[in-house]
Amino acid sequence: MERKNRNRGLMIAIHIIGWGVIIGFPLLFTQGRQSIDWVGYARYSLVPLGFMVVFYANYFSLIERLLFRHKTLAFILTNAVLICAVVLLWHMWFEFFRVVVEGEMPPPQGPGPRMPMAGFILRDVLLLGLTAALSVAIRVTGNWYRAETERRQAEQARTQAELQNLKNQLNPHFLFNTLNNIYALIAISPERAQEAVLQLSGLMRHVLYDKNQDEVPLEQELAFMRSYIDLMSLRLPAMVELQVALPAEAEAKGLKVAPLLFITLVENAFKHGVSADAPSFVHIELERDASWVKCRIENSYFPKQDNDRSGSGIGLENLRRRLGLLYPGRYTLSTGRTGGRYVAEMTVNCRNV
640 MERKNRNRGL MIAIHIIGWG VIIGFPLLFT QGRQSIDWVG YARYSLVPLG FMVVFYANYF
700 SLIERLLFRH KTLAFILTNA VLICAVVLLW HMWFEFFRVV VEGEMPPPQG PGPRMPMAGF
760 ILRDVLLLGL TAALSVAIRV TGNWYRAETE RRQAEQARTQ AELQNLKNQL NPHFLFNTLN
820 NIYALIAISP ERAQEAVLQL SGLMRHVLYD KNQDEVPLEQ ELAFMRSYID LMSLRLPAMV
880 ELQVALPAEA EAKGLKVAPL LFITLVENAF KHGVSADAPS FVHIELERDA SWVKCRIENS
940 YFPKQDNDRS GSGIGLENLR RRLGLLYPGR YTLSTGRTGG RYVAEMTVNC RNV
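The following block contains the structure:
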(Lines of atoms letter the chains of each structure in order from A and count residues from 1; the text may use other names and numbers.)
(Lines give C-alpha, C1' and ligand atoms only; values in the text may rest on other atoms or scores of the structure.)
Protein backbone atom coordinates (compact mmCIF):
# COMPACT_ATOMS: atom_id res chain seq x y z
CA MET A 1 0.00 0.00 0.00
CA GLU A 2 2.80 2.41 0.87
CA ARG A 3 4.55 1.69 -2.43
CA LYS A 4 1.29 2.19 -4.33
CA ASN A 5 0.73 5.59 -2.67
CA ARG A 6 4.33 6.57 -3.43
CA ASN A 7 3.91 5.68 -7.12
CA ARG A 8 0.63 7.61 -7.29
CA GLY A 9 2.28 10.67 -5.72
CA LEU A 10 5.13 10.45 -8.22
CA MET A 11 2.68 10.25 -11.14
CA ILE A 12 0.75 13.31 -9.88
CA ALA A 13 4.02 15.24 -9.53
CA ILE A 14 5.02 14.33 -13.10
CA HIS A 15 1.66 15.56 -14.42
CA ILE A 16 1.91 18.84 -12.50
CA ILE A 17 5.47 19.51 -13.66
CA GLY A 18 4.66 18.60 -17.27
CA TRP A 19 1.64 20.87 -17.52
CA GLY A 20 3.46 23.60 -15.60
CA VAL A 21 6.19 23.58 -18.25
CA ILE A 22 3.61 23.73 -21.06
CA ILE A 23 1.62 26.55 -19.46
CA GLY A 24 4.72 28.57 -18.67
CA PHE A 25 6.37 27.91 -22.02
CA PRO A 26 5.63 31.39 -23.52
CA LEU A 27 7.27 33.10 -20.56
CA LEU A 28 10.58 31.45 -21.47
CA PHE A 29 10.80 33.65 -24.58
CA THR A 30 10.28 36.93 -22.73
CA GLN A 31 13.52 38.91 -22.80
CA GLY A 32 14.86 40.14 -19.50
CA ARG A 33 14.42 43.85 -20.31
CA GLN A 34 10.91 43.54 -21.66
CA SER A 35 7.74 43.47 -19.60
CA ILE A 36 5.62 40.39 -19.93
CA ASP A 37 2.91 40.66 -22.60
CA TRP A 38 0.03 39.55 -20.41
CA VAL A 39 -2.52 40.16 -23.17
CA GLY A 40 -0.66 37.86 -25.52
CA TYR A 41 -0.21 35.33 -22.71
CA ALA A 42 -3.95 35.40 -21.96
CA ARG A 43 -4.61 34.77 -25.65
CA TYR A 44 -2.32 31.74 -25.49
CA SER A 45 -3.71 30.42 -22.16
CA LEU A 46 -6.61 28.56 -23.76
CA VAL A 47 -4.22 26.41 -25.83
CA PRO A 48 -2.79 24.26 -22.98
CA LEU A 49 -6.27 24.15 -21.44
CA GLY A 50 -7.57 22.54 -24.65
CA PHE A 51 -4.76 19.98 -24.60
CA MET A 52 -5.58 19.20 -20.96
CA VAL A 53 -9.29 18.71 -21.75
CA VAL A 54 -8.52 16.21 -24.54
CA PHE A 55 -5.84 14.42 -22.53
CA TYR A 56 -7.78 13.98 -19.28
CA ALA A 57 -11.15 13.36 -20.93
CA ASN A 58 -9.50 10.31 -22.49
CA TYR A 59 -7.36 9.43 -19.49
CA PHE A 60 -10.14 9.43 -16.89
CA SER A 61 -13.27 8.65 -18.90
CA LEU A 62 -13.25 7.76 -22.59
CA ILE A 63 -10.53 5.09 -22.52
CA GLU A 64 -12.14 3.27 -19.59
CA ARG A 65 -15.75 3.63 -20.72
CA LEU A 66 -15.30 3.03 -24.45
CA LEU A 67 -11.90 1.74 -25.57
CA PHE A 68 -11.42 -0.85 -22.80
CA ARG A 69 -14.97 -2.06 -23.41
CA HIS A 70 -14.21 -2.63 -27.10
CA LYS A 71 -16.40 0.26 -28.29
CA THR A 72 -13.68 1.45 -30.64
CA LEU A 73 -15.91 3.26 -33.16
CA ALA A 74 -17.69 5.18 -30.41
CA PHE A 75 -14.29 6.05 -28.91
CA ILE A 76 -13.02 7.45 -32.24
CA LEU A 77 -16.21 9.41 -32.96
CA THR A 78 -16.32 10.88 -29.46
CA ASN A 79 -12.70 12.00 -29.78
CA ALA A 80 -13.43 13.50 -33.20
CA VAL A 81 -16.31 15.55 -31.77
CA LEU A 82 -14.22 16.58 -28.74
CA ILE A 83 -11.24 17.65 -30.88
CA CYS A 84 -13.44 19.61 -33.30
CA ALA A 85 -15.08 21.37 -30.35
CA VAL A 86 -11.69 22.33 -28.88
CA VAL A 87 -10.40 23.58 -32.26
CA LEU A 88 -13.58 25.64 -32.74
CA LEU A 89 -13.24 27.09 -29.24
CA TRP A 90 -9.59 27.97 -29.88
CA HIS A 91 -10.34 29.87 -33.08
CA MET A 92 -13.34 31.65 -31.53
CA TRP A 93 -11.07 32.65 -28.63
CA PHE A 94 -8.35 33.93 -30.99
CA GLU A 95 -10.95 35.83 -33.04
CA PHE A 96 -12.33 37.39 -29.85
CA PHE A 97 -8.88 38.67 -28.90
CA ARG A 98 -8.19 39.93 -32.40
CA VAL A 99 -11.42 41.85 -32.73
CA VAL A 100 -12.36 42.88 -29.18
CA VAL A 101 -9.13 43.09 -27.21
CA GLU A 102 -6.50 44.01 -29.79
CA GLY A 103 -8.75 45.92 -32.18
CA GLU A 104 -9.74 44.95 -35.68
CA MET A 105 -6.26 45.05 -37.07
CA PRO A 106 -5.38 42.77 -39.96
CA PRO A 107 -2.61 40.32 -39.20
CA PRO A 108 0.82 41.48 -40.36
CA GLN A 109 1.92 40.20 -43.74
CA GLY A 110 5.16 38.25 -43.78
CA PRO A 111 7.59 37.91 -46.64
CA GLY A 112 5.87 34.76 -47.89
CA PRO A 113 2.31 33.66 -48.47
CA ARG A 114 0.21 33.22 -45.33
CA MET A 115 -0.99 29.71 -44.41
CA PRO A 116 -4.68 29.33 -45.16
CA MET A 117 -7.12 28.80 -42.31
CA ALA A 118 -7.58 25.15 -43.30
CA GLY A 119 -3.86 24.61 -42.67
CA PHE A 120 -4.14 25.97 -39.11
CA ILE A 121 -7.19 23.83 -38.44
CA LEU A 122 -5.46 20.70 -39.77
CA ARG A 123 -2.40 21.44 -37.61
CA ASP A 124 -4.54 21.83 -34.49
CA VAL A 125 -6.50 18.66 -35.21
CA LEU A 126 -3.28 16.67 -35.63
CA LEU A 127 -1.78 18.03 -32.40
CA LEU A 128 -4.92 17.24 -30.42
CA GLY A 129 -5.09 13.79 -32.03
CA LEU A 130 -1.53 13.13 -30.91
CA THR A 131 -2.51 14.28 -27.42
CA ALA A 132 -5.37 11.76 -27.35
CA ALA A 133 -3.01 9.05 -28.62
CA LEU A 134 -0.48 9.93 -25.90
CA SER A 135 -3.21 9.64 -23.28
CA VAL A 136 -4.16 6.20 -24.63
CA ALA A 137 -0.52 5.07 -24.64
CA ILE A 138 0.06 6.18 -21.05
CA ARG A 139 -3.19 4.65 -19.78
CA VAL A 140 -2.71 1.34 -21.60
CA THR A 141 0.90 1.10 -20.42
CA GLY A 142 -0.13 1.86 -16.84
CA ASN A 143 -2.91 -0.73 -16.91
CA TRP A 144 -0.56 -3.33 -18.38
CA TYR A 145 2.04 -2.60 -15.70
CA ARG A 146 -0.55 -2.89 -12.91
CA ALA A 147 -1.96 -6.10 -14.36
CA GLU A 148 1.53 -7.56 -14.71
CA THR A 149 2.39 -6.58 -11.13
CA GLU A 150 -0.82 -8.14 -9.83
CA ARG A 151 -0.17 -11.29 -11.88
CA ARG A 152 3.35 -11.61 -10.45
CA GLN A 153 2.07 -11.04 -6.92
CA ALA A 154 -0.68 -13.63 -7.39
CA GLU A 155 1.81 -16.11 -8.85
CA GLN A 156 4.21 -15.49 -5.97
CA ALA A 157 1.38 -15.99 -3.47
CA ARG A 158 0.40 -19.27 -5.15
CA THR A 159 4.02 -20.40 -5.14
CA GLN A 160 4.42 -19.58 -1.46
CA ALA A 161 1.16 -21.36 -0.64
CA GLU A 162 2.24 -24.47 -2.56
CA LEU A 163 5.68 -24.44 -0.93
CA GLN A 164 4.07 -24.15 2.49
CA ASN A 165 1.78 -27.05 1.65
CA LEU A 166 4.77 -29.14 0.57
CA LYS A 167 6.59 -28.26 3.81
CA ASN A 168 3.53 -29.29 5.80
CA GLN A 169 3.52 -32.64 3.96
CA LEU A 170 7.27 -33.11 4.34
CA ASN A 171 7.34 -32.95 8.14
CA PRO A 172 4.74 -35.71 8.79
CA HIS A 173 6.31 -37.79 6.01
CA PHE A 174 9.72 -37.51 7.65
CA LEU A 175 8.30 -38.30 11.10
CA PHE A 176 6.27 -41.24 9.74
CA ASN A 177 9.30 -42.91 8.16
CA THR A 178 11.49 -42.32 11.21
CA LEU A 179 8.90 -43.75 13.61
CA ASN A 180 8.66 -46.84 11.40
CA ASN A 181 12.39 -47.36 11.83
CA ILE A 182 12.23 -46.87 15.60
CA TYR A 183 9.28 -49.29 15.79
CA ALA A 184 11.35 -51.92 14.00
CA LEU A 185 14.30 -51.20 16.30
CA ILE A 186 12.25 -51.88 19.45
CA ALA A 187 12.06 -55.58 18.59
CA ILE A 188 15.83 -55.74 18.05
CA SER A 189 17.18 -53.63 20.93
CA PRO A 190 14.97 -51.60 23.31
CA GLU A 191 18.05 -49.74 24.59
CA ARG A 192 18.99 -48.58 21.10
CA ALA A 193 15.34 -47.67 20.47
CA GLN A 194 15.47 -45.36 23.49
CA GLU A 195 18.61 -43.74 22.09
CA ALA A 196 16.85 -43.37 18.74
CA VAL A 197 13.91 -41.57 20.38
CA LEU A 198 16.32 -39.07 21.94
CA GLN A 199 18.00 -38.50 18.59
CA LEU A 200 14.61 -38.11 16.93
CA SER A 201 13.64 -35.39 19.40
CA GLY A 202 16.76 -33.46 18.39
CA LEU A 203 15.95 -33.90 14.71
CA MET A 204 12.36 -32.75 15.19
CA ARG A 205 13.55 -29.59 16.94
CA HIS A 206 15.71 -28.95 13.88
CA VAL A 207 12.77 -29.61 11.54
CA LEU A 208 10.42 -27.29 13.43
CA TYR A 209 13.04 -24.53 13.61
CA ASP A 210 13.81 -24.67 9.88
CA LYS A 211 10.20 -25.04 8.74
CA ASN A 212 9.57 -21.32 8.25
CA GLN A 213 12.97 -20.51 6.76
CA ASP A 214 13.43 -20.25 3.01
CA GLU A 215 17.12 -21.18 3.15
CA VAL A 216 19.63 -22.49 5.67
CA PRO A 217 23.44 -22.64 5.53
CA LEU A 218 24.71 -25.76 3.78
CA GLU A 219 26.77 -26.78 6.81
CA GLN A 220 23.60 -26.74 8.94
CA GLU A 221 21.77 -28.96 6.46
CA LEU A 222 24.72 -31.37 6.38
CA ALA A 223 24.72 -31.56 10.19
CA PHE A 224 21.06 -32.57 10.03
CA MET A 225 21.87 -35.22 7.41
CA ARG A 226 24.64 -36.67 9.60
CA SER A 227 22.29 -36.85 12.60
CA TYR A 228 19.62 -38.57 10.53
CA ILE A 229 22.11 -41.07 9.08
CA ASP A 230 23.37 -41.82 12.61
CA LEU A 231 19.78 -42.45 13.70
CA MET A 232 19.10 -44.78 10.78
CA SER A 233 22.36 -46.66 11.30
CA LEU A 234 21.23 -47.78 14.79
CA ARG A 235 19.00 -50.46 13.25
CA LEU A 236 21.29 -51.54 10.39
CA PRO A 237 22.26 -55.22 10.47
CA ALA A 238 25.88 -56.23 10.05
CA MET A 239 25.34 -57.23 6.40
CA VAL A 240 24.63 -53.60 5.37
CA GLU A 241 27.54 -51.63 3.92
CA LEU A 242 27.10 -47.93 4.73
CA GLN A 243 29.44 -45.38 3.13
CA VAL A 244 28.97 -41.65 3.74
CA ALA A 245 31.11 -38.91 2.18
CA LEU A 246 29.97 -35.41 3.16
CA PRO A 247 32.02 -32.19 3.09
CA ALA A 248 33.45 -31.04 6.38
CA GLU A 249 31.81 -28.05 8.06
CA ALA A 250 34.55 -25.67 6.94
CA GLU A 251 34.26 -26.88 3.33
CA ALA A 252 30.47 -26.43 3.35
CA LYS A 253 30.48 -22.76 4.36
CA GLY A 254 29.46 -20.13 1.84
CA LEU A 255 26.28 -21.64 0.36
CA LYS A 256 22.64 -21.70 1.35
CA VAL A 257 20.07 -24.34 0.41
CA ALA A 258 16.40 -24.99 1.07
CA PRO A 259 15.89 -26.84 4.36
CA LEU A 260 15.45 -30.63 4.23
CA LEU A 261 16.38 -30.60 0.55
CA PHE A 262 18.38 -33.85 0.52
CA ILE A 263 16.60 -35.80 3.24
CA THR A 264 14.05 -37.38 0.87
CA LEU A 265 16.79 -39.10 -1.14
CA VAL A 266 18.47 -40.32 2.06
CA GLU A 267 15.13 -41.61 3.41
CA ASN A 268 14.46 -43.55 0.22
CA ALA A 269 17.92 -45.11 0.31
CA PHE A 270 17.39 -46.54 3.79
CA LYS A 271 13.78 -47.51 3.06
CA HIS A 272 14.45 -49.41 -0.16
CA GLY A 273 18.14 -50.24 0.11
CA VAL A 274 18.35 -52.15 3.40
CA SER A 275 17.48 -55.81 3.91
CA ALA A 276 17.47 -57.68 7.22
CA ASP A 277 18.45 -61.02 5.68
CA ALA A 278 20.45 -60.22 2.52
CA PRO A 279 23.70 -58.31 1.85
CA SER A 280 22.88 -54.69 1.00
CA PHE A 281 24.53 -51.30 0.78
CA VAL A 282 23.86 -47.56 1.00
CA HIS A 283 26.42 -45.13 -0.45
CA ILE A 284 25.82 -41.42 0.17
CA GLU A 285 28.08 -38.79 -1.40
CA LEU A 286 27.71 -35.02 -1.49
CA GLU A 287 30.12 -32.52 -2.98
CA ARG A 288 30.04 -28.79 -3.60
CA ASP A 289 31.64 -26.22 -5.86
CA ALA A 290 31.54 -22.44 -5.88
CA SER A 291 27.79 -22.24 -6.46
CA TRP A 292 26.38 -25.74 -6.80
CA VAL A 293 25.84 -28.86 -4.71
CA LYS A 294 25.72 -32.39 -6.08
CA CYS A 295 24.22 -35.27 -4.11
CA ARG A 296 24.59 -38.84 -5.38
CA ILE A 297 23.12 -41.83 -3.56
CA GLU A 298 23.43 -45.48 -4.58
CA ASN A 299 21.77 -48.32 -2.75
CA SER A 300 20.74 -51.90 -3.25
CA TYR A 301 17.10 -52.17 -4.20
CA PHE A 302 14.48 -54.25 -2.40
CA PRO A 303 10.96 -53.41 -3.60
CA LYS A 304 8.35 -52.81 -0.92
CA GLN A 305 5.84 -55.52 -0.23
CA ASP A 306 2.21 -54.92 -1.20
CA ASN A 307 1.17 -54.38 2.42
CA ASP A 308 3.96 -51.85 3.08
CA ARG A 309 2.43 -48.38 2.72
CA SER A 310 5.22 -46.41 4.42
CA GLY A 311 5.67 -43.11 2.65
CA SER A 312 3.10 -43.90 -0.07
CA GLY A 313 5.60 -42.72 -2.69
CA ILE A 314 4.92 -39.00 -2.15
CA GLY A 315 8.49 -38.13 -1.15
CA LEU A 316 10.08 -37.94 -4.60
CA GLU A 317 7.00 -36.30 -6.11
CA ASN A 318 7.09 -33.54 -3.50
CA LEU A 319 10.84 -33.14 -3.96
CA ARG A 320 10.44 -32.56 -7.71
CA ARG A 321 7.73 -29.97 -7.08
CA ARG A 322 9.84 -28.17 -4.48
CA LEU A 323 12.84 -28.08 -6.80
CA GLY A 324 10.69 -26.73 -9.63
CA LEU A 325 9.41 -23.93 -7.40
CA LEU A 326 12.64 -23.08 -5.59
CA TYR A 327 15.24 -23.63 -8.32
CA PRO A 328 13.52 -23.26 -11.72
CA GLY A 329 16.05 -24.01 -14.44
CA ARG A 330 18.81 -24.44 -11.84
CA TYR A 331 18.58 -28.09 -10.88
CA THR A 332 18.74 -31.63 -12.23
CA LEU A 333 17.24 -34.71 -10.61
CA SER A 334 17.54 -38.23 -11.96
CA THR A 335 16.46 -41.46 -10.28
CA GLY A 336 16.28 -45.01 -11.55
CA ARG A 337 17.31 -48.65 -11.25
CA THR A 338 20.46 -50.00 -12.82
CA GLY A 339 20.65 -53.75 -12.43
CA GLY A 340 20.22 -54.55 -8.76
CA ARG A 341 20.98 -51.04 -7.54
CA TYR A 342 19.07 -47.80 -7.35
CA VAL A 343 20.81 -44.51 -8.20
CA ALA A 344 19.56 -41.02 -7.33
CA GLU A 345 21.52 -37.94 -8.39
CA MET A 346 20.58 -34.33 -7.74
CA THR A 347 22.47 -31.15 -8.65
CA VAL A 348 21.34 -27.73 -7.44
CA ASN A 349 22.73 -24.30 -8.30
CA CYS A 350 22.54 -22.57 -4.92
CA ARG A 351 22.77 -19.01 -3.68
CA ASN A 352 26.00 -17.82 -2.14
CA VAL A 353 25.88 -16.46 1.40
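Take 640 as the starting number for the sequence shown in my numbering and just add one per residue.
All C-beta atoms in this analysis are idealised placements derived from N, C-alpha and C, irrespective of residue type, glycine included.
Only a predicted model underlies this, so the values are computations on that prediction, with no experimental measurement involved.
Please return the same chain residues whose Cβ sits closer than 8 angstroms to the Cβ of residue i, not counting the five positions on each side in sequence.
i	result
Ala-696	Leu-721
Leu-824	Arg-831, Ala-832, Ala-835, Leu-873 and Arg-874
Trp-658	Pro-687 and Met-691
Once you ignore the five residues that flank residue i on each side, which residues in its own chain have a CB closer than 7 angstroms to its CB?
i	result
Val-725	Gly-689, Val-692, Val-693 and Leu-767
Leu-818	none
Gly-954	His-812, Thr-903, Glu-906 and Asn-907
Pro-1023	The chain is shown from 640 up to 992; residue 1023 falls before or after that span and cannot be answered.
Looking at residue j and residue i, is the spacing between their C-beta atoms short of 8 angstroms?
i	j	result
Leu-861	Cys-989	no
Trp-729	Val-686	yes
Ser-835	Met-878	Correcting the residue identity first, residue 835 is Ala in this sequence and not Ser. Their beta carbons are not under 8 angstroms apart, which means Ala-835 does not touch Met-878 by this criterion.
Phe-901	Met-871	no
Leu-958	Ala-897	no
Leu-701	Phe-714	yes
Phe-920	Glu-956	no
Gly-912	Tyr-822	no
Determine the direct distance from the alpha carbon of residue j to that of residue i, and round the result to whole angstroms.
i	j	result
Leu-925	Ile-868	13 angstroms
Gly-781	Glu-854	35 angstroms
Trp-931	Thr-986	7 angstroms
Glu-737	Ile-651	In the sequence under discussion, the amino acid at residue 737 is Arg, which differs from the Glu named in the question. Going from the Cα of Arg-737 to the Cα of Ile-651 covers about 36 angstroms.
Leu-839	Arg-791	40 angstroms
Phe-733	Ile-777	31 angstroms
Ala-719	Val-660	27 angstroms
Arg-935	Ala-983	6 angstroms
Thr-971	Gly-963	10 angstroms
Ala-772	Glu-703	14 angstroms
With respect to the beta strand (DSSP E) encompassing residue i, which residues constitute its N-terminal and C-terminal limits?
i	result
Gln-882	879–884
Tyr-970	970–977
Ala-895	Checking the displayed sequence, the identity of residue 895 turns out to be Lys instead of Ala. Per DSSP, Lys-895 belongs to the beta strand (DSSP E) from 894–896.
Between which two residues does the alpha helix (DSSP H) holding residue i run?
i	result
Val-726	711–735
Glu-926	Element bounds for Glu-926: not the alpha helix (DSSP H) but the beta strand (DSSP E), 919–927.
Give me the Cβ distance between residue i and residue j, rounded to the nearest whole Å; I'm assuming they're in contact under 8 angstroms.
i	j	result
Ser-939	Gly-979	6 angstroms
Leu-842	Ser-866	6 angstroms
Excluding the five sequence neighbours on either side, which residues of its own chain have a C-beta within less than 6 angstroms of the C-beta of residue i, listed in chain order?
i	result
Glu-888	Glu-858
Arg-969	Asn-988
Gln-882	His-922
Thr-770	Phe-690, Val-693 and Phe-694
Arg-682	Phe-736
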